[in-house]
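Same order as they appear, the protein sequences are chains V and B. Residues in the first sequence are numbered from 1 upward in steps of one, following UniProt numbering. Residues in the second sequence are numbered from 1 upward in steps of one, following UniProt numbering.
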Amino acid sequence: MRPVFQVATDRDSAPWWERTGRGEFAVQRCDACGRARFPARAFCPACRTERWHWEAAEPEGTVESWIVNHQAFGAGDGEPYVVVMVRPAAVPDCLLHGGWRAAREPVGGERVRGVFTPGASGLTLVDWEPAGE
Amino acid sequence: MAKRLLDFRDRTAVAGVGYTPFTKDSGVSTLTLACRAVLAALDDAGLGPGDVDGLATHRVGDSAAPTLVGPALGIRDLSWHLDQFGGGSVSHAVVGQAALAVAAGVAETVVCYRAINARSEFRMGGTGRGLPASPEVQYQAPYGLFAPPQQYAMYARAHMLKYGTTAEHFGRQAVTQRANAVKNPRALMRAPITLDDYLASRWIAEPFRLLDCCLETDGACALVVTTAERARDLRRPAVLVSAAAWGGGESHLSGGPADPTTTAAAALAPRLYGRAGLGPRDVDVAQLYDCFTYSVIVQLEDYGFCPKGEGGPYAASGATALDGELPVNTHGGFLSEGYVHGMNHVAEAVSQLRGDAGDRQVPGAEVALSTAQPGYVLPATSALILRKD
Ligand SMILES: [Zn+2]
Numbered sequence: 001m002r003p004v005f006q007v008a009t010d011r012d013s014a015p016w017w018e019r020t021g022r023g024e025f026a027v028q029r030c031d032a033c034g035r036a037r038f039p040a041r042a043f044c045p046a047c048r049t050e051r052w053h054w055e056a057a058e059p060e061g062t063v064e065s066w067i068v069n070h071q072a073f074g075a076g077d078g079e080p081y082v083v084v085m086v087r088p089a090a091v092p093d094c095l096l097h098g099g100w101r102a103a104r105e106p107v108g109g110e111r112v113r114g115v116f117t118p119g120a121s122g123l124t125l126v127d128w129e130p131a132g133e
Numbered sequence: 001m002a003k004r005l006l007d008f009r010d011r012t013a014v015a016g017v018g019y020t021p022f023t024k025d026s027g028v029s030t031l032t033l034a035c036r037a038v039l040a041a042l043d044d045a046g047l048g049p050g051d052v053d054g055l056a057t058h059r060v061g062d063s064a065a066p067t068l069v070g071p072a073l074g075i076r077d078l079s080w081h082l083d084q085f086g087g088g089s090v091s092h093a094v095v096g097q098a099a100l101a102v103a104a105g106v107a108e109t110v111v112c113y114r115a116i117n118a119r120s121e122f123r124m125g126g127t128g129r130g131l132p133a134s135p136e137v138q139y140q141a142p143y144g145l146f147a148p149p150q151q152y153a154m155y156a157r158a159h160m161l162k163y164g165t166t167a168e169h170f171g172r173q174a175v176t177q178r179a180n181a182v183k184n185p186r187a188l189m190r191a192p193i194t195l196d197d198y199l200a201s202r203w204i205a206e207p208f209r210l211l212d213c214c215l216e217t218d219g220a221c222a223l224v225v226t227t228a229e230r231a232r233d234l235r236r237p238a239v240l241v242s243a244a245a246w247g248g249g250e251s252h253l254s255g256g257p258a259d260p261t262t263t264a265a266a267a268l269a270p271r272l273y274g275r276a277g278l279g280p281r282d283v284d285v286a287q288l289y290d291c292f293t294y295s296v297i298v299q300l301e302d303y304g305f306c307p308k309g310e311g312g313p314y315a316a317s318g319a320t321a322l323d324g325e326l327p328v329n330t331h332g333g334f335l336s337e338g339y340v341h342g343m344n345h346v347a348e349a350v351s352q353l354r355g356d357a358g359d360r361q362v363p364g365a366e367v368a369l370s371t372a373q374p375g376y377v378l379p380a381t382s383a384l385i386l387r388k389d
């Protein structure tokens, strides 16, 4: 099983985590140039504007990579678990990570869908499962 | 835009190197390790603590600062010091910044050191430390992703998927480096290995096996940086600092190009070669940051030794062996000599250019590339080109 870590959110990210708690996969969208970004932060890296709005997006993406962890790092128990790296459809120039929710291993490039999962520190995590299975 | 900072090329030199033994349990503090390595490097150069006016290191909250090491060695008046926060990505920045300080005249003799008890006290994989103090941790650690082998394994698989890189490619590089360590009395791991040994080693985080990973090591390494003129008057042959470069950019989480198969080194490399006035074909020996086998593969590409995507076949061809066209990690690297977080790569480059690398000497080596963690995890890297005087 994946180990349990307590992590701290910050003043930029807290609104994003509040939204996952409501079952919403949100992206920030720049009010000036319309570019979507993740993770949360105040300035648009494209046009440096400090105004944005939150936008609910479909929790969809494709598998960029994954690992099957075996080593018991930190609090781990050594039972293998899979972590995927996903390219979200809503922000394709970003990569994010999540747990893998299927009995089989992922396939490179396959379409996946987010699954909201209770996690440590009171956070609702976003794991991923094969889309359309 | 090519800026000229100051007359830097070949104006400074490494005049001495020093090591403590590499072990799994030093039994002493990082302050003690640092003092031993600094004194050893000064002795190698034919100098003493009274000649030192600068100290520089990098650390991640795991080691002794220059402001502790200086007084411990009776150095009362440091005219320049650097306590750089960061891991392997800034290892070569420390030496580059020391050379800049010497070139600028704010210090004459700087000792750069890295001292770690990375096995017995502060393991990068988690035990003995908290999670890294980065905002990005919150998007990874809750999913059980935080240890360097896990993060690098993720990038390695992306490279395998995109370019067809294989476990055998990784394994060949591990075998090559172990063969070098067999010839290195300092190395922690000196028993030869085969590709079958590599493939039979246990999983850490697929696609990485145990033999893809560097050695958690207790030890220290230090280098004396001074002016080229002064180095020529000292005990050992001067090794010139031809170029230093720093790199940054986007991480996979920051909304940049988000290509996990290319590192910040790809942007740094032209800057580095340009400052030295040479190119990858001029490099006789390369010490490429090998926290994991894959980091060598991706740097072979990003530093221009082979086309993008062909780092795996290039390494597996034997090109990176001692008798290959580009000997890489001639001391065995972090995989087999030991992991002093980057400084031991620079020290080995110096040995090769002085011609005192013993059984692992690359004949006629005149130009060496030595590199830092290439910019995964956090988007920063650094590198040096050193040259025989
Ligand atoms: Zn914008």
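Where is the CB? At the ideal position from N, CA and C, for every residue including glycine.
Here's the rule: buried if 16 or more other CB atoms are within 10 angstroms of the residue's CB, otherwise exposed. What is residue i?
{"i": "S79/B", "result": "exposed"}
{"i": "P3/V", "result": "buried"}
{"i": "A42/V", "result": "exposed"}
{"i": "residue 409/B", "result": "Outside the displayed range of chain B (1 to 389) lies residue 409/B, so it cannot be described from this structure."}
{"i": "C221/B", "result": "buried"}
{"i": "P118/V", "result": "exposed"}
{"i": "F38/V", "result": "buried"}
{"i": "E58/V", "result": "exposed"}
{"i": "P66/B", "result": "buried"}
{"i": "V106/B", "result": "exposed"}
{"i": "E301/B", "result": "buried"}
{"i": "A103/V", "result": "exposed"}
{"i": "M1/V", "result": "exposed"}
Helix, strand or coil: which one does DSSP assign to residue i?
{"i": "M1/B", "result": "Any reading at M1/B is ruled out, since the residue's pLDDT is 48, under 50, leaving its predicted position unreliable."}
{"i": "A101/B", "result": "helix"}
{"i": "D83/B", "result": "strand"}
{"i": "N69/V", "result": "strand"}
{"i": "D127/V", "result": "strand"}
{"i": "D212/B", "result": "helix"}
{"i": "V69/B", "result": "helix"}
{"i": "A158/B", "result": "helix"}
{"i": "S121/V", "result": "helix"}
{"i": "T30/B", "result": "helix"}
{"i": "S242/B", "result": "strand"}
{"i": "Q28/V", "result": "strand"}
{"i": "R19/V", "result": "helix"}
{"i": "G88/B", "result": "helix"}
{"i": "A36/V", "result": "strand"}
{"i": "A46/V", "result": "coil"}
{"i": "V7/V", "result": "coil"}
{"i": "A14/V", "result": "helix"}
{"i": "V137/B", "result": "helix"}
{"i": "V94/B", "result": "helix"}
{"i": "A153/B", "result": "helix"}
Take residue i as the anchor and find which of the options has the nearest alpha-carbon.
{"i": "T330/B", "options": "A40/B, V350/B, Y139/B, Y314/B", "result": "V350/B"}
{"i": "P192/B", "options": "R202/B, R186/B, L288/B, A181/B", "result": "A181/B"}
{"i": "V111/B", "options": "M154/B, V60/B, P49/B", "result": "P49/B"}
{"i": "G96/B", "options": "L73/B, R9/B, K24/B", "result": "R9/B"}
{"i": "G87/B", "options": "L278/B, A372/B, T12/B", "result": "A372/B"}
{"i": "P106/V", "options": "A26/V, F25/V, V68/V", "result": "V68/V"}
{"i": "E168/B", "options": "Y314/B, K388/B, L223/B", "result": "Y314/B"}
{"i": "S87/V", "options": "V63/V, A8/V, F73/V, E79/V", "result": "It should be noted that the sequence gives Arg, not Ser, for residue 87/V. It is V63/V."}
{"i": "A228/B", "options": "L47/B, S242/B, V52/B", "result": "S242/B"}
{"i": "T194/B", "options": "F208/B, I204/B, F170/B", "result": "F170/B"}
{"i": "G364/B", "options": "D389/B, V340/B, V346/B, M189/B", "result": "D389/B"}
{"i": "M85/V", "options": "A72/B, Q150/B, D25/B", "result": "Q150/B"}
{"i": "T166/B", "options": "Y143/B, F146/B, L199/B", "result": "L199/B"}
{"i": "G60/B", "options": "A245/B, F85/B, L68/B, G70/B", "result": "The identity of residue 60/B in the sequence shown is Val, whereas the question assumes Gly. Of A245/B, F85/B, L68/B, G70/B, the residue nearest in Cα terms is F85/B."}
{"i": "T381/B", "options": "G309/B, G324/B, S295/B", "result": "S295/B"}
{"i": "R11/V", "options": "A383/B, I204/B, L268/B, Q138/B", "result": "Q138/B"}
{"i": "C30/V", "options": "W66/V, C47/V, A8/V", "result": "C47/V"}
{"i": "L272/B", "options": "A147/B, A93/B, L47/B, G46/B", "result": "A93/B"}
{"i": "G358/B", "options": "D290/B, M343/B, K183/B, D302/B", "result": "K183/B"}
{"i": "F146/B", "options": "A14/V, G76/V, S65/V, L125/V", "result": "G76/V"}
Closer than 6 Å between the C-beta and any heavy atom of ligand 3: which residues qualify, listed along the chain?
Here the bound small molecules are ligand 1; ligand 3 is not part of this structure.
**Asked** What are the complete beta strand (DSSP E) segments, minimum 3 residues, inside the UniProt domain "Thiolase C-terminal" (258-386) of chain B?
**Response** Those beta strand (DSSP E) runs which fall completely within the UniProt domain "Thiolase C-terminal" (258-386) of chain B and span 3+ residues are 285-287, 367-371.
Quick one: complete alpha helix (DSSP H) runs, 4+ long, within the region 161-233 of chain B?
167-182, 195-200, 228-232
- Please go through the UniProt domain "ChsH2 C-terminal OB-fold" (54-116) of chain V and give each complete beta strand (DSSP E) segment of 3 or more residues, from N-terminal end onward. 60-69, 81-88, 96-99
Identify every run of the alpha helix (DSSP H) within the region 10-64 of chain B, keeping only runs that are complete inside it and at least 4 residues long; order them along the chain. Runs found: 30-45.
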